[in-house]
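Heads up: the sequence shown begins at 12 in this note's numbering, then just goes up one per residue.
Where is the CB? At the ideal position from N, CA and C, for every residue including glycine.
Predicted, not measured: the structure shown is a model, and the values here were computed from it.
The structure under discussion appears below in the form of structure tokens.
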Amino acid sequence: MAREVSSSEEGRRRSGDQMRRMELEGDDDDAWRRWAVLVATVWIQALTGTNFDFSAYSSALKSSLGISQEALNYLATASDLGKAFGWSSGLALLYIPLHAVLLVAAVLGLAAYALQYGCLVSVNLAAIPYPLVFLVCLIAGLSICWFNTVCFVLCIRSFSANNRPLALSLSISFNGLSAAFYTLFANALSPLSPSVYLLLNAILPLAISILALPAILLCHKQDSHLHSMPNHDRRVFLGLYILAFVTGTYLVVFGSFTATRSAARVILTGAMVLLALPLIIPACSSCSHGPDPASPLNHDDPHKPLLTSNNHQTVADAVMEKTMDHQLQGSCCGTILHKGRLAVLGDEHSAKRLIGCVDFWLYYIAYFCGATVGLVYSNNLGQIAQSLHQQSRLTMLLAVYSSFSFFGRLLSALPDVLDRTVSLARTGWLAAALVPMPMAFFLMWKQQDGSALVVGTALVGLSSGFIFAAAVSVTSELFGPNSVGVNHNILITNIPLGSFLYGQIAAMVYDSNGQRMSVMDNRTGTIDTMIVCMGAKCYSTTFFVWGCITLLGLALSIVLFKRTKPAYATSASRSSCKHQVSS
């Protein structure tokens, strides 16, 4: 009898061991798949930020079309206006698979930039109507938005709520390096030809989409539960972020090196190797043998908000906040900080409810007066460098902006990395990220020389990069994770508005201080008349106005932080209580 019981227990043990082995093999497959998908999004983001190199060819496009600075600003606005139609990518996902959306985005970009390339190199296409060029620029901007949507959806489908902010941050970060990568390609192919940027804008996104397609086909529609191994995943993310930091540093040091074409090709090869290195992560994860012994396998709900637990200090903060609330009630300051503020995080907001939310408009205007100004600055960087006699350093300035924008995006992961040591709401990080922006513009207003331009460009890139990357997580936390697709597209409607308004300010100041000059087109032999401005006066007033606007954005972001801080503290204390109960 004892022998029969023993053999029965041994059979159950063998069966349990076999089931565990099968589960671990399945987890290995899932791990390999999600890391491969993340690497694919990194590649796509790195080579599809084609709007960031606009300043590299804007002067040549302006000369070829024979248009004013104001008309050139409209073309930059058209590219940003494409983001206002970003909802179309979400609509397309309802009817066609994800990989098809990716290929449609690549084809749209190919057609749009190929036509702009023709405007610079072909005599026949140089005479195409200006409204058609405007429409083409709008389609180019729309294609970028479709690429971004594909990457967001891939990260959301592939990672649990705990790891999703880290995956999104890493993927979005590489979008900030696009201008640096395109500068390397241009230096390696034809460093003196602005038209090569448009050719690259047309070809590279299509090429990288085809290259990333096999990994994207591995991504299944979101299961009811996503697997995560906390300690193992954190180590993998740490390795990926270290590789990302090395890549950004490499591009800062060598990104603008243009001594010889052969040297540029060597540097480009090094950059491509660094971009390919994250492939070792899926390979290593496929060789893993299950979760850490000290860390149980998590089955995370994919609809869980992007919220993380904090340390016990937040509980004390919540109590202190309530005490201060009673003291401020009835005062003017209390009305501003408390009336209509969010009570909890992660509460789903429909579009109608969102429009009626005070905190949304504070967030909207803070973004409008912050990151959007930085984007307009990058669009005008070509004319700014030309007016300050820094045209020869334009490729270096583009590399600086791109690289520091990348570091800013990378730093947007700090709220998730330091969540157990720094009890600061994500809206507080957003306010802190805006501090360098007004400093940069006031510096360039007071001291318009080469060194101030480099420092200012780096600060603007750092600040705007952080906000661009953090915005998706902030929108999800404040207004609900399930509505983030619609709500975030409503938020970024401020970009075309800001692009038009701030670009118009810059164009008016530029044209009012410029002189009409006759310029001969080397291709057609015709003489065009255009306004050219040289000297500090061309952008001095613009820098001052932009500095004041970003100062307003900083003030509003601080108000948003103060209003949302109690909701973050309440959420953190609830998470802490749940953690204590579960343990």
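Same chain only: Cβ atoms within 8 Å of residue i, ignoring 5 sequence neighbours per side
{"i": "Leu109", "result": "Val161, Val164, Leu165, Ile227, Cys230"}
{"i": "Ala67", "result": "Ala190, Tyr193, Thr194, Ala197, Pro205, Tyr208, Gly393, Leu405, Thr406, Leu409"}
{"i": "Ile542", "result": "Ser79, Gln80, Tyr521, Asp522, Gly525, Gln526, Arg527, Met528"}
{"i": "Leu567", "result": "Leu373, Ile376, Ala377, Cys380"}
{"i": "Tyr598", "result": "The chain is shown from 12 up to 594; residue 598 falls before or after that span and cannot be answered."}
{"i": "Leu445", "result": "Ala377, Gly381, Ser474, Ile478, Thr561, Gly564, Leu565, Ser568"}
{"i": "Val483", "result": "Phe163, Leu179, Ile183, Val495, His499"}
{"i": "Ile214", "result": "Leu121"}
{"i": "Gln515", "result": "Glu81, Asn84"}
{"i": "Gly281", "result": "Tyr261, Phe265"}
{"i": "Phe145", "result": "Tyr85, Leu86, Ala89"}
Residues sharing a beta bridge with residue i, DSSP
{"i": "Gln528", "result": "Going by the sequence as given, residue 528 is Met instead of Gln. Met528 pairs with Met541."}
Own chain residues within Cβ distance below 7 Å of residue i, not counting five before or after
{"i": "Ser100", "result": "Val112, Cys156, Trp157, Thr160"}
{"i": "Val257", "result": "Leu285"}
{"i": "Ser389", "result": "Phe63, Ser66, Tyr412"}
{"i": "Leu425", "result": "Trp440"}
{"i": "Cys368", "result": "His360"}
{"i": "Gln397", "result": "Ser70"}
{"i": "Thr486", "result": "Val495, Asn498, His499, Leu502"}
{"i": "Leu279", "result": "Leu195, Phe196, Ala199"}
{"i": "Phe555", "result": "Trp456"}
{"i": "Leu52", "result": "Residue identity differs from the one stated: residue 52 is Thr in this sequence, not Leu. Only Cys162, Leu165, Cys166, Ser182 meet the Cβ criterion."}
Supposed contact pair residue j and residue i - C-beta distance, whole angstroms, cut 8 Å
{"i": "Leu181", "j": "Ala255", "result": "6 Å"}
{"i": "Ala103", "j": "Ala123", "result": "So it is not a contact: roughly 17 Å between Cβ atoms."}
{"i": "Ala223", "j": "Ile395", "result": "34 Å between Cβ atoms; not a contact."}
{"i": "Val277", "j": "Ser414", "result": "Going by Cβ atoms, the distance from Val277 to Ser414 rounds to 19 Å, so no, they are not a contact pair."}
{"i": "Asn212", "j": "Gly120", "result": "7 Å"}
{"i": "Ala580", "j": "Leu353", "result": "Going by Cβ atoms, the distance from Ala580 to Leu353 rounds to 12 Å, so no, they are not a contact pair."}
{"i": "Val50", "j": "Pro289", "result": "5 Å"}
{"i": "Pro225", "j": "Thr59", "result": "Contact flag wrong, Cβ pair sits at about 18 Å."}
{"i": "Leu464", "j": "Leu399", "result": "6 Å"}
{"i": "Leu356", "j": "Leu489", "result": "7 Å"}
{"i": "Asp370", "j": "Arg574", "result": "6 Å"}
{"i": "Gly558", "j": "Pro449", "result": "5 Å"}
{"i": "Ala117", "j": "Ser220", "result": "4 Å"}
{"i": "Leu131", "j": "Val147", "result": "With 8 Å as the limit, Leu131 and Val147 do not qualify as a contact, their Cβ atoms being about 13 Å apart."}
{"i": "Tyr550", "j": "Ala517", "result": "7 Å"}
{"i": "Arg44", "j": "Phe170", "result": "Rounded, the Cβ-Cβ distance is 11 Å, inconsistent with contact."}
Residues near residue i by beta carbon distance below 6 Å, same chain, minus five either side
{"i": "Arg31", "result": "Note that Arg31 has pLDDT 48, beneath the 50 cutoff, so the model's placement of it is unreliable and the number below is only indicative. So no residue of the chain qualifies."}
{"i": "Arg420", "result": "Ile183, Ser184, Gly187, Gly476, Ala480"}
{"i": "Thr552", "result": "Val520"}
{"i": "Ala547", "result": "Gln459"}
{"i": "Leu153", "result": "Gly93, Phe96"}
{"i": "Lys576", "result": "Ala436"}
{"i": "Phe248", "result": "Leu177"}
{"i": "Gly259", "result": "Ser414, Phe417, Phe418"}
{"i": "Gly472", "result": "Tyr412, Phe415, Ser416"}
Any non-hydrogen atom of the ligand ADP closer than 6 Å to residue i Cβ
{"i": "Val466", "result": "Among the components of this structure there are no ligands whatsoever, and the ligand ADP is therefore not found."}
* To do: May I have a chain-ordered list of the alpha helix (DSSP H) segments no shorter than 4 residues that lie completely inside the region 412 to 483?
  => Runs found: 425 to 428, 437 to 445, 447 to 457.
* So, do the region 502 to 521 and the region 78 to 95 have three or more beta carbon pairs nearer to each other than 8 Å? -> As far as the Cβ criterion goes, the region 502 to 521 touches the region 78 to 95, which means the pair count is three or higher.
* Asked: Are the region 468 to 482 and the region 433 to 453 in contact at 8 Å, needing three or more beta carbon pairs?
  -> Contact holds: three or more Cβ-Cβ distances are below 8 Å.
* Would you check if there are 3 or more beta carbon pairs closer than 8 Å linking the region 69 to 86 to the region 96 to 113? => Flag = no, the region 69 to 86 and the region 96 to 113 do not touch.
* Asked: Is the region 447 to 462 touching the region 492 to 508 in the sense that three or more CB pairs, one from each, lie closer than 8 Å?
  -> Taking 8 Å as the limit for Cβ pairs, the verdict is that the region 447 to 462 does not touch the region 492 to 508.
* Does the region 457 to 469 touch the region 167 to 186, meaning 3 or more C-beta pairs lie closer than 8 Å? -> Output reads no: the region 457 to 469 does not touch the region 167 to 186.
* Only counting runs of 4 or more residues, tell me where the alpha helix (DSSP H) segments fall wholly within the region 131 to 202, in order along the chain. => Listed in chain order, the complete alpha helix (DSSP H) runs (minimum 4 residues) inside the region 131 to 202 are 141 to 169, 175 to 186, 189 to 200.
* To do: Starting from the N-terminal side, write out each stretch of the alpha helix (DSSP H) that is 4 residues or longer and does not extend beyond the region 49 to 127.
  => Scanning the region 49 to 127 from its first residue to its last, the whole alpha helix (DSSP H) runs of 4-plus residues come out as 65 to 76, 80 to 92, 98 to 104.
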